[in-house]
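Q:
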Amino acid sequence: MNRRNFFKLSAVLSAYLIGGTNSLNASKLIIGAKLSIPTLLDPKPINGIKQFDLNIQEASHNFFKDIKTKTLGINASYLGPTLLLRDGEKVSINFTNNLDETTTMHGHGMHLPAIMDGGVHQEIEPGDTWSAQYTVKQKACTNWYHPHRMNMTARQVYFGLAGLIIVEDKESKALNLPKTYGVDDIPLVIQDRLFDMNAQLSYSPHPRQIMHGFRGNVIITNGQIIPRHEVKVGMVRLRILNGSNAGMYKFSFSDNRKFHQIATDNSFLEEPVELKSVLLSPGERAEIVVDLSKDKNKSLNLIVNEQIDNFNQIILTLDVNNKDSKIKTLPKILTKLEDLNPDDAVHTRTFLLDGWGNRGNPLLTINGKRMNPMVVNEIVPINQLEIWEIKNLMGMPHNFHIHATHFRPLDRNGSEFEILDNEKGYKDTIYIPAKQSVRFLVKMIDYADDEAEYMYHCHFLEHEDAGMMGQFVVTNNKKET
Ligand code: C2O
Ligand code: CU
Ligand code: CU
629 MNRRNFFKLS
639 AVLSAYLIGG
649 TNSLNASKLI
659 IGAKLSIPTL
669 LDPKPINGIK
679 QFDLNIQEAS
689 HNFFKDIKTK
699 TLGINASYLG
709 PTLLLRDGEK
719 VSINFTNNLD
729 ETTTMHGHGM
739 HLPAIMDGGV
749 HQEIEPGDTW
759 SAQYTVKQKA
769 CTNWYHPHRM
779 NMTARQVYFG
789 LAGLIIVEDK
799 ESKALNLPKT
809 YGVDDIPLVI
819 QDRLFDMNAQ
829 LSYSPHPRQI
839 MHGFRGNVII
849 TNGQIIPRHE
859 VKVGMVRLRI
869 LNGSNAGMYK
879 FSFSDNRKFH
889 QIATDNSFLE
899 EPVELKSVLL
909 SPGERAEIVV
919 DLSKDKNKSL
929 NLIVNEQIDN
939 FNQIILTLDV
949 NNKDSKIKTL
959 PKILTKLEDL
969 NPDDAVHTRT
979 FLLDGWGNRG
989 NPLLTINGKR
999 MNPMVVNEIV
1009 PINQLEIWEI
1019 KNLMGMPHNF
1029 HIHATHFRPL
1039 DRNGSEFEIL
1049 DNEKGYKDTI
1059 YIPAKQSVRF
1069 LVKMIDYADD
1079 EAEYMYHCHF
1089 LEHEDAGMMG
1099 QFVVTNNKKE
1109 T
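629 is the number of the first residue of the sequence shown in the numbering used here; add one for each residue after it.
(1) For E751, which beta-bridge partners are listed by DSSP?
(2) Which residue comes first and which comes last in the alpha helix (DSSP H) that contains R836?
(3) Only counting runs of 4 or more residues, tell me where the alpha helix (DSSP H) segments fall wholly within the stretch 805-838, in order along the chain.
(4) When the Cα atoms are used, what is the spatial distance from N826 to K693?
(5) With respect to the beta strand (DSSP E) encompassing H1085, which residues constitute its N-terminal and C-terminal limits?
(6) So, is P910 buried or exposed, given that buried needs 16 or more other C-beta atoms within 10 angstroms?
(7) Check each candidate in W1016, D1056, L829 and V1066 and name the one with the smallest Cα separation from P1025.
(8) So E1081 and H749 are supposed to be a Cβ contact under 8 Å. How far apart are they, rounded?
(9) Which two residues bound the contiguous alpha helix (DSSP H) that contains T781?
(10) Give the range of the beta strand (DSSP E) segment to which H1026 is assigned.
(11) Which one of S705, G735 and K798 has the shortest CA to CA distance from D715?
(12) Hey, could you find the ends of the beta strand (DSSP E) H857 is sitting in?
(13) Measure the C-alpha to C-alpha separation of Y706 and F1045 and round it to an integer number of angstroms.
(14) Identify, in the order they occur along the chain, each residue of the same chain with its Cβ nearer than 7 Å to the Cβ of K924, setting aside the five sequence neighbours on each side.
(15) The alpha helix (DSSP H) that contains D952, what's its start and end?
(16) Helix, strand or coil for D919? Go by DSSP, reduced to three states.
(17) Can you find a heavy atom of ligand 3 that lies under 8 Å from the Cβ of H776?
(18) Considering only the alpha carbon of each residue, which of P970, N989 and V1003 lies closest to E1017?
(19) In three-state terms, what does DSSP make of M744?
(20) Quick one: any contact between the stretch 718-737 and the stretch 759-777, if contact means 3 or more CB pairs under 8 Å?
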């Protein structure tokens, strides 16, 4: 690591890592660690159904040299393996809970029946195995899995429970894009974490941190602090997940170069969108492609500006070697997305995001109510095109995520021009700055079940746990709206 990187880093880590007598100091940083790529889990087919076996476990992980930090992981010491799912195939994703606490495991972005969703109702007791079984039926994208236990999601994710799901389809296979996993198609789970004096993860948010979201002062990449990854001369694809509890990340390169975003949460963009930075709120994903064809034997840093606490940190160094990659250009057209006409929408639902500090017990609400697992807040007819309007009434940012299917952003604060070009793919999570509003078009296309709920919520995990969540069912009954 060069000196400049080190000084930038020390500004971020100063409170914990510089000087002092703590066991944590700058000498404990693992400098120049090779980026760890989550294992691609090899499924075993049984009767034509691909079985993915996942063990949720207590573990310890080396974020720092020679120090074991207590964590939770899935088949690993921190985070979990990547699941590669192909459109049209039958899968059974089997989660065994080896913890001594209840959890759930939700497929964020997956289009599946509500009983396979892994939301608050599909609890996995200690020692039990729960299987999400379904047929993959959606466009290529980058999704993820994480716990969703009522009131307990934030803590379980914070300690390491999350992993990526890559969905492939005919289109993604045919496109001339970088697609060698872990080589030129690089998964990046980005999270901020707070380490205590003993390098242990510290998660005990006080009411203010529940209200504003819990953020640490170190940003980690696949569970590492500023790792490096060697790449060839040419195009490199990064699949970025903002896997933080409440961090708002703006990603850019150290030389402020342009790059292209090729995919949003749930699909490719129709064509690559040129950008100098991309903003992701918690739970959102972006696939970007950066052109390194003029960077032989050079290094380039990927940087995050955390927008709420406003600090910068390098999160990854790409070291370009002198070998030539086969991919030197980007396709002009990536996909064709379904055209939805807002004039065809027959129903509008409004969701007001609000909250207040209630003597040290922050209450966060949607339409004045906190999440109650016994209450169905919305009954949504299948195949009905709807407009959902989300209004953030608070002086702080939120976002809004729905289970079951994707949506299409329509306007922000009443203006379609405030929807950015890189938000025009299929989305499942959308950022809503303080006092702003957003409208999107959505249609529930499958899996009607009056008895099984899906969730919608703010994906700032402290907010979700403090009540900013609701439930809907998809129904075949046309009259119920
Ligand atoms: Cu990523 Cu309801 O969750
Ligand atoms: Cu989700
Ligand atoms: Cu929120």
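For glycine and all other residues, C-beta sits at the position ideal for the given N, C-alpha and C.
A: If we stick to the structure as given:
(1) Looking at the DSSP assignment, E751 forms no beta bridge with any residue, so it has no partner.
(2) P835 to H840
(3) none
(4) 12 Å
(5) Y1082 to H1085
(6) buried
(7) V1066
(8) 6 Å
(9) T781 to Y786
(10) H1026 to I1030
(11) K798
(12) R856 to V861
(13) 40 Å
(14) V861, V948 and N950
(15) D952 -> not in any alpha helix (DSSP H); beta strand (DSSP E) instead, spanning F939 to D952.
(16) strand
(17) no
(18) P970
(19) helix
(20) yes
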